[in-house]
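Please read the structure below before turning to the comments.
Residue numbers (my numbering), protein chains in the order written: chain A, 1 to 491; chain B, 1001 to 1491.
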C-alpha cells in the first residue's frame, strides 16, 4: 500500500519512464513466487537494486488476448535449459542501455506441449547470460527488431523482440506458465489502474493552475466578478468547474479505492487468520478488473477534460496537456484491454465461489450506507450510494437470471457492469472519507478547510456521478438482442 | 445539404487537408453577405475557383473565447483602407503555397473604438495585394511567425500570424465585425459537427475491417464458433459489437441529423414563405451548438472506441487509428469549445423569442413519437424517444425555474443539457429512419436487408443510448451547489 502511494507520484511525473521500474517489479514478483532458489539468487539482488531491469513477453503479432494461439517455441537442451525461438511484440522496456542487463520473462510452448492455452510455459531469458560467479556473460540470442512508433509513452522503448535460439530457463512448472505470468499480471493491473489515476491527477493539477490564471469572460453571477479586471479567471465558470470537480472527485475517490485495493493485497498476504486473508483476497480478485478498467477509463476522461480547459492551447504540444491524453490512452489498452477486464469481472470474478466476493461487497456497501442514512450531512451521500448499490444488485440479479440462457447477455452487460461497480466502489470510498472528515471536524481538527472540502466533494460525487448507474442498469437490462442481431456483413 | 453530404467524404479522407477548402468557403460566405460589390468582384471569383484560399483570424495569445479583449488595431488611412497591426494565433491554413493568394479575414479594433466586444470590426487582409486589373500585386505586411506543433491535424498549417501595418479593407459596417464573422462561424460550426461524424465514420470503417479479419478467442455462444479455425473473428464478441454498434448508431443518426440541419439552412434561405423560413431558422439556430458539441464529443468517442477494437495495434502509428483520435480531438475545441456551445444553447438559443424554437422542437418530437407509439415494430423506439423527450422537457422546466434565481444553475446544467438534446435529436432521426425503412419493407423494397438493418440499429439506439437522458436530467436537477461550493484555493 505504501509502494502504491509512492508510485502514483512517479507515474504522474513520467508514466513512460516509471514503466521501466514497474515491469522490473512485476518480473521480481514472478521469480519470487515461482522461481527456484538458484534463480532467485542469480537474478533478484540485481533487479531489486535496479542494476538490472525486467520485461514481460506475452504478445505476438497474431495474438494478444488469446494467448493459446502463441507460436514461440522452447526446445529442451541436455543441460536443462531451453532454446527459445519466436517473435514478441509490444515489449515495454524491451531494449535499452539504462541497465546492465534485462531479464525477459517469456511465454513459450515447449516442444510437444498442447497447442493451446494449457501448453504455455514461462521462461527467464536474460539479455546477457549470467556467469556462475554472477558477472555478466555473453550476449544471448535475443535482439530488438524495431522500436514501435506509438501514440504516446514515447519515453518507453516498446520493442519487437526476436528470439533466435536464445537460452531460456523454465520458471516453476512446465505448462503452468500462465499461472506464473498472472502473478505479474494481477499486480500489473492494479499498477495500470494507478496509471489512470496518475495521469488524471497531473492533468488536473495543470488545469487548475491554468484555470486560476487564465482570464476570459465574466462570472455569470455579478458579485463573483473581479471589479479590477476586464475578465475573470475561468475557474469561476460553472462549466470549467464541472470538468475540474469531476476530475477532483474522481482522483480523490480513485486514490482511496486503489489504496484500499493495495491494502487488500497486504491483508491477503499478511493477516493472521485464514478467514481475514480469504476475505481480503475475495475483494481484491473482484476489484482488480474494476480498478484497472474503471480507473483508466476515467483517468483518460479526466485528462481529456483537463486538456479541454486549456482551449486551443490544450491542443498545442508546448503546453504539455496533449501528452497526458496520449499517455493515458495506453492504460485502457494494455495489460488486457478494458473490455477483457469487464469480461474477467462478469465471467470469472462474479461467479467465483458461488458469488461469495460480490455478496460480501454488497453487504459492506449496504451496511456503510445504512449506518449513515439518518445523518443530516452524510445522509444524502449515503442515500445516493444505496441507490447505486441497488442498481448494481439489480443488474447482478439480472445477470444471474439471463446469462445462463444466453452467454451473450453477460458479454453485452460486462462493460456497463464494470463501470457501475467502479461508481459504487468510489462511492463507498467517498462515504468513508465524508464520515472521517465529519468526525475530524467534530473533534476540532486543525485542517478544518481540508475536511469541509472533502465533504463538499463527496456531495458532488453523489450529485453528479452516482446518477449514472441508473442508465447503466437500464442498458444492461435491455439485453443483447439489438446488440447481436446484425449479421457481420451489415457492418 | 448536398455540399454537406459531399464534404463528409472529404473530411473522412483527410480532415486537416479539407480545412483549407472549408475555411475558404467560410470566408466566401462572409464576403458574399457583408462585402461590397467591389470586394466581391475582387476576391470571390478566385476563391470560388480555388486559386485563392481563405482564413479566419479571431484568436490572440490572451484571448479566444472572450473576443472583447482583443488587441489587434486597425488604423484608418486616407484612401479608405486600414493599417492592421497585431498578433493572431491558431490560424488554420494561415500560410502555405498551395494557392496563389490567401485572403485573411481579420478581427480588429479601429482606433478610438470601444475597447470591448462592441468595438470589433472585420477586415479583408490579402497575403498579396490585388492590383486594379485583378493580378497579384505586392506582398502585404502579414507574415507567419511560426507553425504550431499540435496533437493532430498535422496536414494543416496552423500559424501564428504577425500583422505589421498590413493593408486591410473593412467588410460591412465598422464595429459590426462579430456579426459578419458569425456568418462564417455558424456555417463553420455545422462543418465542425460534420468533422466529428466524419472521423467517427472513417475510424468505424477501419475497425469493422479489422474486427472481421482479426481472430482472437471464442464466441461465447458455442454455435457461433467457426469449427474450421482455432479462434473466431472478434466481431462475434459482444463487447466488440458494443463499440461497433455504438459507433454505427451514432454515425447514421448523426449523418441524418447534420443533413437535417443543412436542410434547415436551405429552407431558411429559399423557402417561399416567411413563416417557413423563420421556422427553419429557429430550428437551425437552436441545433447549431448541439450539432457542433454533441457530434464532436461522440465522434471522438467513436474514434477512441474504434482504436480500442485494435487492441495494442490501435496505439501504434502504422495502423493509422491513433491519428483519427488525435484529429477528432480538435473538433471539440475549436470554433468555440464545446463548453461554449453548451452555454450558447442554454443561455442564448433556449430563451430566444420566448422559447419559440425549443417549444417547436418538443412539439415536433412529441408528435412523431406519439404517432408511432401504437405500432408493434416502431412502438419501443417511439416510447423510448418519448421518455427522453420528457426528460429534456423536465430539465428545460427546471432550468426556467432555477436559472433566474442563480445563473450558475444554467451554467452547471448547460453541458448535460446539450448532450440530452443531442440524444433526442438523434433519437428523432432514428425514429424517422425506422418509419421510412418499415414503409419501404411494406412496399417490397429491393434492398430489404438495408432496411431490416436500419430497424435493428434504431432499436439499438433506443435500448442502449436513449437511457442516458435519465442520468443527465438527474445531474441537472442536482443544481450548482456542490459544483460551485469550493473556494478556488481548494482546487
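For every residue, glycine included, the Cβ atom is placed at its ideal position computed from N, Cα and C.
Closer than 8 Å to chain A by CB, residue i
i	result
residue 1235 of chain B	yes
residue 976 of chain B	Not covered by the structure: residue 976 of chain B. The range shown for chain B is 1001 to 1491.
residue 1077 of chain B	no
residue 1059 of chain B	yes
residue 1294 of chain B	no
residue 1213 of chain B	no
residue 1100 of chain B	no
Short Cβ contact (8 Å threshold) for residue i with residue j
i	j	result
residue 64 of chain A	residue 28 of chain A	no
residue 1075 of chain B	residue 1144 of chain B	no
residue 491 of chain A	residue 1248 of chain B	yes
residue 1168 of chain B	residue 1084 of chain B	yes
residue 1383 of chain B	residue 1480 of chain B	no
residue 245 of chain A	residue 309 of chain A	no
residue 1059 of chain B	residue 312 of chain A	yes
residue 561 of chain A	residue 1315 of chain B	One cannot answer for residue 561 of chain A here, as it falls past the ends of chain A, which runs 1 to 491.
residue 1346 of chain B	residue 1414 of chain B	yes
residue 1357 of chain B	residue 1285 of chain B	yes
residue 1391 of chain B	residue 1473 of chain B	yes
Coil, strand or helix - residue i by DSSP
i	result
residue 1068 of chain B	helix
residue 127 of chain A	coil
residue 1194 of chain B	helix
residue 1042 of chain B	helix
residue 1176 of chain B	coil
residue 78 of chain A	coil
residue 91 of chain A	strand
residue 1371 of chain B	helix
residue 1334 of chain B	coil
residue 1419 of chain B	helix
residue 1151 of chain B	coil
residue 387 of chain A	helix
residue 1143 of chain B	strand
residue 84 of chain A	strand
residue 1164 of chain B	strand
residue 8 of chain A	helix
residue 451 of chain A	helix
residue 1171 of chain B	coil
Chain B contact residues for residue i, given Cβ-Cβ distances below 9 Å
i	result
residue 230 of chain A	1066, 1068, 1069, 1115, 1116
residue 318 of chain A	1148, 1149
Proximal residues of chain A, C-beta to C-beta of residue i below 7 Å
i	result
residue 1217 of chain B	65, 66
residue 1343 of chain B	239
residue 1467 of chain B	471, 474, 475
residue 1332 of chain B	308
Minimum Cβ-Cβ distance from residue i to chain B less than 8 Å
i	result
residue 221 of chain A	yes
residue 225 of chain A	no
residue 463 of chain A	yes
residue 109 of chain A	no
residue 417 of chain A	no
residue 151 of chain A	yes
residue 460 of chain A	yes
residue 480 of chain A	yes
residue 245 of chain A	yes
residue 248 of chain A	yes
residue 322 of chain A	yes
residue 315 of chain A	yes
Contact list for residue i against chain B, beta-carbon separation under 7 Å
i	result
residue 501 of chain A	Any answer about residue 501 of chain A is impossible in this case: the structure gives chain A only from 1 up to 491.
residue 90 of chain A	1312
residue 456 of chain A	1482, 1485, 1486
residue 414 of chain A	1239
Residue i: contacting residues in chain B (beta-carbon distance under 8 Å)
i	result
residue 208 of chain A	1491
residue 386 of chain A	Per Cβ cutoff of 8 Å: no residues; residue 386 of chain A is ~15 Å from chain B at best.
Proximal chain A residues relative to residue i, where beta-carbon distance stays under 8 Å
i	result
residue 1453 of chain B	486, 490
Partner residues on chain A for residue i, Cβ-Cβ distance less than 9 Å
i	result
residue 1255 of chain B	Going along chain A, no residue has its Cβ under 9 Å from residue 1255 of chain B, so there is no contact; the nearest lies around 16 Å.
Minimum length 4: unbroken alpha helix (DSSP H) runs contained in the stretch 1227-1298 of chain B = 1238-1270
Could you name the residues of the stretch 1396-1411 of chain B whose beta carbon sits closer than 9 Å to any beta carbon of chain E, in the order they occur along the chain?
-> The structure shown contains no chain E; its protein chains are A and B.
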